[in-house]
Amino acid sequence: MDKEEINDKAKEEKNKKADEIIELKKQIESQKVQIEETEDRLKRVAAEFDNYKKRNTKERDGMYNSLVADIIANFLPVIDNLEKAVETETKDEEYKKGIELVLKQFKDVLTARGVVEIEAVGKTFDPELHEAVSSIQDETKGEKEIVQEYRKGYMIGNKVIRHSMVIVAN
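If you're matching positions, the sequence shown starts at 357 in my numbering and goes up one per residue.
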């Protein structure tokens with residue numbers, strides 16, 4: 357083999373190696389694109405799963421609040437009657453204390469379940485929370501101010517279980 361043949365073989369080897377390097381670089385670029393696409397899909401799936409969990413939690417909480425609200429609504433007349441019994445004059449103070457304790461126990465159960473009374477007297481009338489059964493003219497009161505409450509209203513979370521029955525001024 358002469359020098360020229362050796363140089364040709366060396367060039368040929370160099371060209372082969374250069375072609376291999378170019379091919380490897382193409383493969384690397386192709387794999388980078390695939391990795392980026394896979395990462396993008398993974399991020400999308402993770403975001404979709406997170407949205408699903410949030411939606412599922414919201415639906416579950418809404419369903420729970422609806423069920424609790426339905427059950428509590430059945431007990432509200434009992435609570436109303438207990439409140440009337442507490443307000444009634446009696447000579448037997450021990451009996452009255454017993455009624456007060458039962459009423460307190462009922463209210464504690466409601467509070468533990470996230471049920472709150474709707475504030476009414478002195479507040480501005482809100483048709484989503486209150487039911488106006490009458491209105492009066494009173495210049496000492498503000499526009500649509502609630503002056504009396506006939507029946508207490510209750511809500512759980514943002515859901516009204518029962519609207520407050522009220523008298524509105526002006």
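Here a beta-carbon is modelled for each residue, glycine too, at the ideal position from N, C-alpha and C. Values in this document were obtained by computation on a predicted structure and should not be read as measured data.
In chain order, Lys-452, Ile-455, Glu-456 and Leu-459 place their CB closer than 8 Å to the CB of Val-442, counting only its own chain and leaving out the 5 sequence neighbours on each side. In the DSSP assignment, the residues bridged to Thr-480 are Glu-501. Contact annotation: the stretch 477–490 does not touch the stretch 425–437, with fewer than three C-beta pairs closer than 8 Å.
Checking the DSSP bridge columns, you'll see Arg-507 partnered with Met-521.
Val-401 and Tyr-408 have their C-alpha atoms spaced approximately 10 Å apart. Ser-520 has its alpha-carbon roughly 7 Å from the corresponding atom of Glu-505. With contacts defined by Cβ atoms closer than 8 Å, Tyr-510 and Glu-473 form a contacting pair. Within the DSSP bridge table, the entry for Lys-515 names Ile-512 as partners. Judged by DSSP in its simplified three-state form, Ile-474 adopts coil rather than helix or strand. Under the three-state reduction of DSSP output, Glu-495 falls in the coil class, being neither helix nor strand.
Beta-carbon to beta-carbon, Val-471 and Lys-500 are separated by about 26 Å, too far to satisfy the 8 Å threshold. In the DSSP annotation of this structure, the continuous segment of the alpha helix (DSSP H) that includes Thr-394 starts and ends at 359–443. By the 16-neighbour rule on beta-carbons within 10 angstroms, Ala-425 is buried.
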